[in-house]
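Engineer:
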Amino acid sequence: MTDTKNLAINFLHLALKNPLVLASGILGTSPSLMERVALAGAGAITSKSCGPEARAGHDNPVALAWQGGVINAIGLTNPGADEEVPLLAETKGRLSVLGVPLFASIFAPTLEQFGEVARIISKAQPDLIEVNISCPNVASEFGTPFSASEKSAAEVTRAVRRATSLPISIKLSPNVPNIAAIARAVVDEGADAITAVNTMPAMLIDAYAGMPILKNRTGGLSGPALKPIALRCVAEIAQQVAVPIVGTGGVMSGVDAAEMIMAGATLVGVGSAVWQDGPQAFTRINAELSQFMQIAGYQKVEEIRGNALR
Amino acid sequence: MSNKGLFTSFKVTKSRVENAHTKTLIFNAPLKDAYPGQFVMAWLPGIGEKPFSISGNDPLSLTICDIGPVSHALCQLAEGAPVGVRGPFGQGFTLLGKNHILVGGGYGAAPLFYLAQQARQLSHKVQVCLGAKTKADLLMVQQFKDLSCQVSIATEDGSLGETGFVTKALEMATEAQYPTGVYACGPTGMLLAINQFYQNQQLSTQLSFEALIRCGIGLCGSCELTEAICTEINAPKGWLVCKDGPVFQTQTGSIA
Numbered sequence: 206m207t208d209t210k211n212l213a214i215n216f217l218h219l220a221l222k223n224p225l226v227l228a229s230g231i232l233g234t235s236p237s238l239m240e241r242v243a244l245a246g247a248g249a250i251t252s253k254s255c256g257p258e259a260r261a262g263h264d265n266p267v268a269l270a271w272q273g274g275v276i277n278a279i280g281l282t283n284p285g286a287d288e289e290v291p292l293l294a295e296t297k298g299r300l301s302v303l304g305v306p307l308f309a310s311i312f313a314p315t316l317e318q319f320g321e322v323a324r325i326i327s328k329a330q331p332d333l334i335e336v337n338i339s340c341p342n343v344a345s346e347f348g349t350p351f352s353a354s355e356k357s358a359a360e361v362t363r364a365v366r367r368a369t370s371l372p373i374s375i376k377l378s379p380n381v382p383n384i385a386a387i388a389r390a391v392v393d394e395g396a397d398a399i400t401a402v403n404t405m406p407a408m409l410i411d412a413y414a415g416m417p418i419l420k421n422r423t424g425g426l427s428g429p430a431l432k433p434i435a436l437r438c439v440a441e442i443a444q445q446v447a448v449p450i451v452g453t454g455g456v457m458s459g460v461d462a463a464e465m466i467m468a469g470a471t472l473v474g475v476g477s478a479v480w481q482d483g484p485q486a487f488t489r490i491n492a493e494l495s496q497f498m499q500i501a502g503y504q505k506v507e508e509i510r511g512n513a514l515r
Numbered sequence: 648m649s650n651k652g653l654f655t656s657f658k659v660t661k662s663r664v665e666n667a668h669t670k671t672l673i674f675n676a677p678l679k680d681a682y683p684g685q686f687v688m689a690w691l692p693g694i695g696e697k698p699f700s701i702s703g704n705d706p707l708s709l710t711i712c713d714i715g716p717v718s719h720a721l722c723q724l725a726e727g728a729p730v731g732v733r734g735p736f737g738q739g740f741t742l743l744g745k746n747h748i749l750v751g752g753g754y755g756a757a758p759l760f761y762l763a764q765q766a767r768q769l770s771h772k773v774q775v776c777l778g779a780k781t782k783a784d785l786l787m788v789q790q791f792k793d794l795s796c797q798v799s800i801a802t803e804d805g806s807l808g809e810t811g812f813v814t815k816a817l818e819m820a821t822e823a824q825y826p827t828g829v830y831a832c833g834p835t836g837m838l839l840a841i842n843q844f845y846q847n848q849q850l851s852t853q854l855s856f857e858a859l860i861r862c863g864i865g866l867c868g869s870c871e872l873t874e875a876i877c878t879e880i881n882a883p884k885g886w887l888v889c890k891d892g893p894v895f896q897t898q899t900g901s902i903a
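Protein sequences, first through last, are from chains A and B. The first sequence begins at 206 in our numbering and counts up by one. The second sequence begins at 648 in our numbering and counts up by one.
1) Tell me whether the beta-carbon of Pro224 (chain A) lies closer than 8 Å to the beta-carbon of Ala462 (chain A).
2) If I follow the unbroken beta strand (DSSP E) through Asn337 (chain A), where does it start and stop?
3) Grab the span of the beta strand (DSSP E) containing Gln774 (chain B) for me, first residue to last.
4) Apart from the five residues on each side of it in sequence, which residues of its chain come closer than 8 Å, Cβ to Cβ, to Pro284 (chain A)?
5) Whose CA, out of B:Leu839, B:Ala831, B:Thr873 and B:Asn675, lies closest to the CA of Leu762 (chain B)?
6) Considering only heavy atoms of the ligand FMN, does any lie closer than 7 Å to the CB of Met787 (chain B)?
7) So is Lys658 (chain B) in contact with chain A if we call contact Cβ pairs under 8 Å?
8) To the nearest whole angstrom, what separates the beta carbons of Ser700 (chain B) and Ala757 (chain B), a pair I think is in contact under 8 Å?
9) Spatial neighbours of Ala390 (chain A) within its chain, please: C-beta separation below 6 Å, excluding the five flanking residues on both sides.
10) Give a yes or no on whether 8 Å exceeds the smallest Cβ distance from Leu225 (chain A) to chain B.
11) I need the straight-line Cα distance from Asp784 (chain B) to Pro266 (chain A), nearest angstrom please.
12) With three or more beta-carbon pairs closer than 8 Å as the criterion, would you say the segment 401-420 of chain A touches the segment 692-711 of chain B?
13) Buried or exposed: Asp891 (chain B), going by 16 or more other Cβ atoms within 10 Å of its Cβ?
14) Given a cut-off of 8 Å, decide if Leu409 (chain A) and Ile276 (chain A) are closer than it, judged by their beta-carbon atoms.
15) Flag Cys722 (chain B) as yes if its beta-carbon sits less than 8 Å from any beta-carbon of chain A, otherwise no.
16) How would you list, in chain order, the residues of chain A whose beta-carbon sits under 7 Å from the beta-carbon of Glu696 (chain B)?
17) Go ahead and label Met819 (chain B) buried or exposed: buried means 16 or more other beta carbons lie within 10 angstroms of its beta carbon, across all protein chains shown.
18) Figure out for me which residue from B:Gln765, B:Leu759, B:Gly868 and B:Thr878 has the closest Cα to the Cα of Gln843 (chain B).
19) Tell me, please, whether the CB atom of Cys862 (chain B) is closer than 8 Å to any CB atom in chain A?
20) Per the contact definition of three or more C-beta pairs closer than 8 Å, is the segment 332-339 of chain A in contact with the segment 363-381 of chain A?
21) Against chain B, does Arg422 (chain A) count as a neighbour if the rule is that its beta carbon must be under 8 Å from one of theirs?
22) Ends of the beta strand (DSSP E) at Glu665 (chain B)?
23) Applying the criterion that 16 or more other CB atoms from any shown protein chain within 10 Å of the CB defines a buried residue, is Leu859 (chain B) buried or exposed?
24) Starting from the C-beta of Glu295 (chain A), find all residues in its chain whose C-beta is less than 6 Å away, skip the five residues before and the five after it, and write them out in chain order.
25) Residues in its own chain within less than 7 Å of Glu665 (chain B) by CB, not counting five upstream and five downstream?
26) Can you check whether the CB of Ala779 (chain B) is closer than 8 Å to the CB of Gly753 (chain B)?
27) Let me know the secondary structure DSSP gives Val506 (chain A) once reduced to three states.
28) Indicate whether Ser656 (chain B) and Gly731 (chain B) have their beta-carbon atoms separated by less than 8 Å.
29) Looking at C-alpha atoms only, which residue of A:Ala353, A:Ile373 and A:Pro350 is the closest neighbour of Ala323 (chain A)?
30) Please confirm whether Arg733 (chain B) has its beta-carbon closer than 8 Å to some beta-carbon of chain A.
31) What would DSSP say about Asp393 (chain A), mapped onto helix, strand or coil?
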């Protein structure tokens, strides 16, 4: 096994073994699955987004792999905040033993409920709350995502900031004209970090069927097709705010992860890569990143952060 | 990156009635790269998509039990109707040795039929134990016989074969001839009973689990086996039916 000691990194008050984070929405549904991904080498784990009430999610088809990656409209399936607390508490206990922090993702349809869910989820004492204001798949129920404007993104941040003393990261959408301005607005309201980006709203059509493939018609695009968009977003945010960024979008390899860090990310979200390799994607990407650093002559991950922005 | 994740349009060429609520749809072509125990997602645009195990692939056949809106619509399809199919997905069965016992509970018989075809093509010996609630719920009994498989039957109400669960027929079949491989598909309780039965006999069993499959590509977590089941069969925690399975090979022993 490759020695990956050169990947150790600090993020906020946390010391991580490596910068790879399981992205929200991928296998973050149970203590056993999150433990499995941690054992495979994730530096931190983000749970599946949890809202105020239980949701079954959308009907099938909900996810497909295509030439450029994955498209999904799972529809925020979750057990509701009260049910989620014991699951997260159990997960936190198991991950602590492994030295892997737990990030708890939350969503809500209203500002008030964002505060309420943050308060409830804080009882499980996750290491960070990731505030998902950018799910592209629930607009028909919840309206325009809060990530769409500086004002609404800031309002959610304020509501969550008041509701919890835990560190918070706001998860932004790539589907905006000026993501850096939105990052600025949420940092001004007390966000400790930024997660960028969520999936990009997209559609696949089946020509033989003559209709969109996903039952929800549209879904979130992730995987290789998203990477150049995510790199651009992270670079713009890194030049605007000083808080650490969890750079997420299309990271499938160690070199992809290096590029994301060079764009200004401190941590790197990994999601769609799990579709190719299962949880072992973390083992592989860590080894590749470590090897890249050795070959390119870097001792520590910090040495490459933001290099592409000079 | 491949196109494997997207739908291919197949056409129904004929259907075969298996019992009062089950039909096998036979399509116009085989599914590339498939092997027994794997599954596909079948999509009827505007209605929905569901996972189905492959019950034959020369050409592709899916055995559909009419239990919900998608399966109901599939069972109504006429000759020539198109069905979107993506896959094959998951890890299937691997034939071990040349003397096999196949155990099917209810519609668990379907993927075993594809496996029986493969084994018989190789001239292996195949015993099939089929169980169901009643005689009317049994599936594919004659098809297995037509492949020259030895078939034993158990029904819960005793309307055909042994009275009781399929494990009873299995015990008798094992007594008659010790297998080199055991392959099972059916309700979880049946799979766990089979696991227990063979645990101390130095025989690895291949158990095909059923679960709520949504994404089908190992991302959403819906099909995770519970920790209790994983512990009982000695599977790694967080085992996913759609990607790690549906077939789990138990590690209790190895073939001599």
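Just so you know, even glycine gets a beta-carbon here, dropped at the ideal spot from N, CA and C.
Structural biologist: Per the coordinate set shown:
1) Here residue 224 (chain A) is taken as the residue at index 19 of the first sequence, counted from 1. Here residue 462 (chain A) is taken as the residue at index 257 of the first sequence, counted from 1. Closer than 8 Å, so yes.
2) The residue you call residue 337 (chain A) lines up with position 132 of the first sequence. Counting along the chain, the beta strand (DSSP E) containing Asn337 (chain A) begins and ends at Leu333 to Asn337.
3) For this step, residue 774 (chain B) is matched to residue 127 along the second sequence. Segment Lys772 to Ala779, the beta strand (DSSP E) holding Gln774 (chain B).
4) Mapped onto the first sequence, residue 284 (chain A) falls at position 79. Excluding positions up to five away in sequence, the list reads Cys255, Ala259 and Leu292.
5) By 1-based counting over the second sequence, the position of residue 762 (chain B) is 115. Measuring from the Cα of Leu762 (chain B), the nearest candidate turns out to be B:Ala831.
6) As far as ligands go, the structure on display features none, and thus does not contain the ligand FMN.
7) Here residue 658 (chain B) refers to the residue found at position 11 when the second sequence is read from its first residue. It does not; no Cβ of chain A falls within 8 Å.
8) Position 53 of the second sequence, counting from 1, holds the residue named residue 700 (chain B). Position 110 of the second sequence, counting from 1, holds the residue named residue 757 (chain B). Confirmed, Cβ separation roughly 5 Å.
9) In the first sequence, counting from the first residue as 1, residue 390 (chain A) sits at position 185. Here the set comprises Glu355, Ala358 and Ala359.
10) Walking along the first sequence from the start, residue 225 (chain A) turns up at place 20. Taking 8 Å as the threshold, the shortest C-beta distance from Leu225 (chain A) to chain B does not fall below it.
11) If you number the second sequence from 1, residue 784 (chain B) lands on position 137. If you number the first sequence from 1, residue 266 (chain A) lands on position 61. Whole-angstrom Cα-Cα distance: 29 Å.
12) Taking 8 Å as the limit for Cβ pairs, the verdict is that the segment 692-711 of chain B does touch the segment 401-420 of chain A.
13) Start at 1 with the first residue of the second sequence, and residue 891 (chain B) comes out as number 244. Its Cβ being crowded by 16 or more others within 10 Å, Asp891 (chain B) is buried.
14) Numbered from its first residue, the first sequence carries residue 276 (chain A) at position 71. Numbered from its first residue, the first sequence carries residue 409 (chain A) at position 204. Against a cut-off of 8 Å, the Cβ pair of Leu409 (chain A) and Ile276 (chain A) comes out as a contact.
15) To locate residue 722 (chain B), count along the second sequence from 1; it is residue 75. Against chain A, the CB of Cys722 (chain B) has no partner CB under 8 Å away; the residue lies outside that interface.
16) Looking up residue 696 (chain B) in the second sequence gives position 49. Think of a sphere of 7 Å around the beta carbon of Glu696 (chain B): the chain A residues whose beta carbon falls inside it are Asn265 and Pro266, in chain order.
17) Reading the second sequence from its first residue, position 172 is the one you call residue 819 (chain B). Burial call: exposed.
18) Walking along the second sequence from the start, residue 843 (chain B) turns up at place 196. It is B:Thr878 whose Cα lies nearest to the Cα of Gln843 (chain B).
19) In the second sequence, counting from the first residue as 1, residue 862 (chain B) sits at position 215. Yes, Cys862 (chain B) lies at the interface with chain A (some Cβ there is under 8 Å from its Cβ).
20) yes
21) Numbered from its first residue, the first sequence carries residue 422 (chain A) at position 217. Not an interface residue.
22) For the purposes of this step, residue 665 (chain B) is taken as residue 18 along the second sequence, with counting starting at 1. Here the beta strand (DSSP E) through Glu665 (chain B) covers Thr655 to Asn666.
23) By 1-based counting over the second sequence, the position of residue 859 (chain B) is 212. By the 10 Å Cβ count, Leu859 (chain B) comes out exposed.
24) Your numbering for residue 295 (chain A) matches position 90 in the first sequence. Cβ within range, chain order: Pro236.
25) In the second sequence, the residue the question calls residue 665 (chain B) occupies position 18. Here the set comprises Thr671, Thr710, Leu786 and Met787.
26) Here residue 753 (chain B) is taken as the residue at index 106 of the second sequence, counted from 1. Here residue 779 (chain B) is taken as the residue at index 132 of the second sequence, counted from 1. Closer than 8 Å, so yes.
27) Counting from 1 along the first sequence, the entry for residue 506 (chain A) is found at position 301. Of the three classes helix, strand and coil, the one that applies to Val506 (chain A) here is helix, per DSSP.
28) Indexing the second sequence from 1 puts residue 656 (chain B) at position 9. Indexing the second sequence from 1 puts residue 731 (chain B) at position 84. Yes, they are a contact pair.
29) To locate residue 323 (chain A), count along the first sequence from 1; it is residue 118. Out of A:Ala353, A:Ile373 and A:Pro350, A:Ile373 has the C-alpha closest to the C-alpha of Ala323 (chain A).
30) In the second sequence, the residue the question calls residue 733 (chain B) occupies position 86. For Arg733 (chain B), the closest Cβ of chain A is nearer than 8 Å.
31) As a first step, residue 393 (chain A) must be located in the first sequence, where it is residue number 188. Helix.
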